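Notes follow once the structure below has been shown.
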Amino acid sequence: GAGADNDLYINQAIVFIEDAIQYRSINHRVDSKSLWLYRWYYSRTCQWILSFTITVILALAFVEEPSSLTVTSDVRYRLPAWSPPCGLTESLELLCFLVFLADVSVKSYLIGWKEFWKNKWLMAYILTLIVSLTDWIVSLSFYCKESVRIRRILRPFFLLQNSSMMKKTLKSINSTLPEMASVVLLLAVHLSLFTMFAMLLFARTKDNQQDKEWVAYFRNLPDSLTSLLVLLTTANNPDVMIPAYSKNRAYSIFFILFTVLGNLFLMNLLTAIIYNQFRGYLLKSVQSSLFRRRLGIRAAFEVLSSLRETPASAQQSCVSVGALLQVLQKAEMDSRCKQAIMRSLKMYSCDQLSAAQFQKLFEELDKDAIKQHPPSPEYQSHFMQKMQFAFGHPWFGYLGNVVALANIISICVVLVMDADKQPSERDDFFLGAINCFFILYYLLEMLLKILAMGLRRYLSYPSNRFDGLLTVILLILEIATFAVYGFPHPGWRPEFLGLLSLWDMVRLVNMLIVFRFLRIIPNMKFMALVVTTLLDLVKNLRAFAGILVVVFYAFAITGIMLFQGAVVPLGNTRRSKAEFPGSCAHISLWSIGPTTSMTLLVVYCLLCVHLICRWAKIYFVAWWLISSVIWVNLFVALLLENFIHKWDRRCQRESLSGIEYQRTVELMFRDVLEEPTEEELMEKLHQHPHLQLCR
1 GAGADNDLYI
11 NQAIVFIEDA
21 IQYRSINHRV
31 DSKSLWLYRW
41 YYSRTCQWIL
51 SFTITVILAL
61 AFVEEPSSLT
71 VTSDVRYRLP
81 AWSPPCGLTE
91 SLELLCFLVF
101 LADVSVKSYL
111 IGWKEFWKNK
121 WLMAYILTLI
131 VSLTDWIVSL
141 SFYCKESVRI
151 RRILRPFFLL
161 QNSSMMKKTL
171 KSINSTLPEM
181 ASVVLLLAVH
191 LSLFTMFAML
201 LFARTKDNQQ
211 DKEWVAYFRN
221 LPDSLTSLLV
231 LLTTANNPDV
241 MIPAYSKNRA
251 YSIFFILFTV
261 LGNLFLMNLL
271 TAIIYNQFRG
281 YLLKSVQSSL
291 FRRRLGIRAA
301 FEVLSSLRET
311 PASAQQSCVS
321 VGALLQVLQK
331 AEMDSRCKQA
341 IMRSLKMYSC
351 DQLSAAQFQK
361 LFEELDKDAI
371 KQHPPSPEYQ
381 SHFMQKMQFA
391 FGHPWFGYLG
401 NVVALANIIS
411 ICVVLVMDAD
421 KQPSERDDFF
431 LGAINCFFIL
441 YYLLEMLLKI
451 LAMGLRRYLS
461 YPSNRFDGLL
471 TVILLILEIA
481 TFAVYGFPHP
491 GWRPEFLGLL
501 SLWDMVRLVN
511 MLIVFRFLRI
521 IPNMKFMALV
531 VTTLLDLVKN
541 LRAFAGILVV
551 VFYAFAITGI
561 MLFQGAVVPL
571 GNTRRSKAEF
581 PGSCAHISLW
591 SIGPTTSMTL
601 LVVYCLLCVH
611 LICRWAKIYF
621 VAWWLISSVI
631 WVNLFVALLL
641 ENFIHKWDRR
651 CQRESLSGIE
661 YQRTVELMFR
671 DVLEEPTEEE
681 LMEKLHQHPH
691 LQLCR
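When we follow full-length UniProt numbering, the leftmost residue of the sequence shown carries the number 1, and every step to the right adds one.
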């Protein structure tokens, strides 16, 4: 019995430490079978299967009718899209639903019955599955001919509920909405007042020739509101004011006042309020994550202190070093952190660890991951040492940047000279010779850097990998060009051979050369700061991007159901482009078909045409409010917070500029977080629904 208890305590500690590493909640079952199921559920294989299933069910919209699987999006010229037979996509859906049923069943079992009724997300998960399966059965009963499929709108929920960070983000956005509503209300008042002024100012007169503004934009209340709302987005500026301006220049004052008050003041005020309310979002989220990590570590300490090998004479709880080593060997964690903890353990002279010592050991999880580059090769020859010094010096990299700039300038000069020439008149000799020279220099530069730094050290720098990869691709393309078309010479205009013409090959090479010029970014501190800020947003704000995908997907599916058939080819309608009023009259709508991938492009254009009923404007206004007004401003708030934090910390890293730090959002705010007290941790542990502590 004692041995079984010890094994259970060890397994509990392993799971709690893994929960702490991943910032997961520890409120789950802790018996032996449940721990095995819990570790299996959060294994890489199981989570990969779940992520793949979510990807598949979201991607089905691109295959289902109306399908997006066509080369061109222009409905006048594209071939009929492949239409899957009834039952094919439905079978894939059923498999996905079975995976989701298994997922919700395991989650519900692991947290327990009492916790299940407190978890609104799990209940919503089950309700979504019930509605989706019901709609799936209805779809099969109609032989897949029904036009409205409710389950397609519900699919983004599976992505949303699978990420705890996305749930936190959504909760933070929800808490910000009341403050945003006050400015949106002020915006609505601004819009309503100017709508009334516009209807009075541009009222109908006896002279039909002078009523162009009234006819086109301010005929009635809905049209007036729509015109000014679109003007608020500047989509119909200056078209909306041209008829009135042609009649009297003074009318422009009305539109200028509306734009200045709406765009320059109210919209920017909304951005400021959103930033002020939302700027603490990351900090609050990271503070919550830190508490979860500390709670998981403390829970592991408490269960390990219950082992039979713990001395009974100890006045306070302690954990043996041997038990901790046993846990570390079985726990899944980063090898760097595991080795650092083991090194710290060897420095302790005693065999027992207190709670403070135990917690301090796992502070390695909070530290920056420092990437150390392999050493450069040591040459014995004096000549090789001089070469290593010369070609490993930063000035050699600066020379490469100058050469890359000269290459870009030469390409620009040639493109400007050949801009108005016909393809038959163009001589590619000069551009081909320039490319050949510069590519040879890039190859020589790469080889010399490898000679000076060694291959392993050269590849350890991301900028070198980027530079080297593009150099190899350019070299392969240049060799392929020479093999097919021969070496450059005056009048170098051979006929089309192979997969690409000579001009296509030259253009491809030049595009890669332009792309290669990005190598200068690490050498410009301010530009590097901006780029790293954007990269951190991409890496660390995946939850925010996930909610953005959910919003786009839901609006796209809703748009397909509402407006399918609203845009038809010219051959099937008598309406000509001349009948499309507004600023979108010059846009070719026929390349924007009613498919998932293109539906969102229709949104603004359909605001300007009269192919839809007036009630459909609610859909577009809702889209504009959520995507442009709220979501863009939230993204600006996060971008500002990330950039300002990096800007404030830039001086701290200047003395260590040779070291690369692999930072996460949790580490960004580590210096301003508050450590939870022991009383808070113990109070939370005693509230655990499945863990009974001895004290």
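Backbone N, C-alpha and C define an ideal beta-carbon position, used for all residues, glycine too. Predicted model only: the values in this text are computed from it and were never measured.
Local Cβ density within 10 Å of R336, reported as buried at 16 or more and exposed below that | Flag for R336 reads exposed.
Can you find at least 3 beta carbon pairs, one from the stretch 27-40 and one from the stretch 111-131, that sit closer than 8 Å?
-> Yes, the stretch 27-40 touches the stretch 111-131.
Would S139 be called buried (16 or more neighbouring beta carbons within 10 Å of its own) or exposed?
-> Burial is judged here by how many other beta carbons sit within 10 angstroms of a residue's own beta carbon; S139 has at least 16 and is buried.
Go to S410, then tell me how far its alpha helix (DSSP H) extends in each direction, as first and last residue.
-> First-last of the alpha helix (DSSP H) with S410: 394-417.
First and last residue of the alpha helix (DSSP H) that includes G322?
-> For G322, the uninterrupted alpha helix (DSSP H) run begins and ends at 321-330, by DSSP.
Sub-8 Å separation of I341 and E364 beta-carbons | Yes, they are a contact pair.
Count the other CB atoms within 10 Å of the CB of N11; is the residue buried (16 or more) or exposed (fewer)?
-> Burial call: buried.
Drop a sphere of 10 angstroms on the beta-carbon of V189, count the other beta-carbons inside from all chains shown, and report buried for 16 or more, exposed for fewer.
-> Counting the other CB atoms within 10 Å of its CB gives V189 a total below 16, which places it among the exposed residues.
According to DSSP, residues forming a beta bridge with L140 | L140 pairs with nothing; no bridge assigned.
For R293 versus Q359, is the C-beta spacing smaller than 8 Å?
-> Going by C-beta atoms, R293 is not nearer than 8 Å to Q359.
Excluding sequence positions up to five away, which residues of its chain have a Cβ less than 6 Å from the Cβ of S227?
-> Same-chain partners within the cutoff: Y217, V240.
L691 (DSSP reduced to helix, strand or coil) = Three-state result, L691: coil.
Give the secondary structure of T573 by DSSP, where H, G and I count as helix, E and B as strand, and everything else as coil.
-> Its pLDDT being 44, under 50, T573 is placed unreliably in this model, and the value from its coordinates should be taken loosely. In the three-state reduction of the DSSP assignment, T573 falls in the coil class.
What does a CB cutoff of less than 7 Å around Q326 pick up in its chain, not counting 5 residues either side in sequence?
-> Same-chain partners within the cutoff: I10.
Looking at the structure shown, is Q352 part of a helix, part of a strand, or coil, going by DSSP?
-> In this structure, DSSP gives Q352 an extended state, which the three-state scheme calls strand.
Would you mind sorting Q687 into buried or exposed? The rule is 16 or more other CB atoms within 10 Å of its CB.
-> By the neighbour-count definition (other C-beta atoms within 10 Å, threshold 16), Q687 is an exposed residue.
Compute the Euclidean distance between the alpha carbons of W40 and F362, then round it to the nearest angstrom.
-> Roughly 24 Å separates the two Cα atoms.
Sequence-distant residues of its chain with Cβ nearer than 7 Å to T169 (five each side left out) = Excluding sequence neighbours, T169 sits near A543, F544, I547.
Where do the N-terminal and C-terminal ends of the alpha helix (DSSP H) with I434 fall, by residue?
-> Taken as a continuous stretch (DSSP letters only), the alpha helix (DSSP H) holding I434 covers 429-453.
What separation, rounded to the nearest whole angstrom, lies between the Cα atoms of residue 698 and F16?
-> Nothing can be reported for residue 698: it is not among the residues displayed for the chain, which extend from 1 to 695.
Quick one: Cα of W48 to Cα of R456, how far?
-> Taking the Cα positions, W48 is about 31 Å away from R456.
Just reading off the alpha helix (DSSP H) that F194 is part of, what are its end residues?
-> Here the alpha helix (DSSP H) through F194 covers 164-201.
Coarse secondary structure for Y38, derived from DSSP in three states = Looking at Y38 - three-state DSSP - the assignment turns out to be helix.
Buried versus exposed call for A485 [16 or more other C-beta atoms within 10 Å across all chains shown] | Before going on, a small fix: residue 485 reads as Tyr here, not Ala. With 16 or more Cβ atoms within 10 Å of its Cβ, Y485 is classed as buried.
Candidates S317, Y38, L94, E64: which alpha carbon is nearest E146's?
-> The residue with the shortest Cα to Cα distance from E146 is E64.
Would you kindly work out how many angstroms separate the C-alpha atoms of S628 and T55, rounded to a whole number?
-> The alpha-carbon separation between S628 and T55 amounts to approximately 26 Å.
Does the distance from the CB of L290 to the CB of L304 come in under 8 Å?
-> The Cβ atoms of L290 and L304 lie no closer than 8 Å to each other.
Within the same chain, show all residues whose beta-carbon is closer than 6 Å to that of M333, passing over the 5 residues directly before and after it, in chain order.
-> Cβ neighbours of M333 beyond the five flanking positions: I21.
Would you grab the beta carbon distance between L295 and V672 for me? Rounded to a whole angstrom, and I think it's under 8 Å.
-> That belief does not hold up - the Cβ atoms of L295 and V672 are roughly 20 Å apart, past 8 Å.
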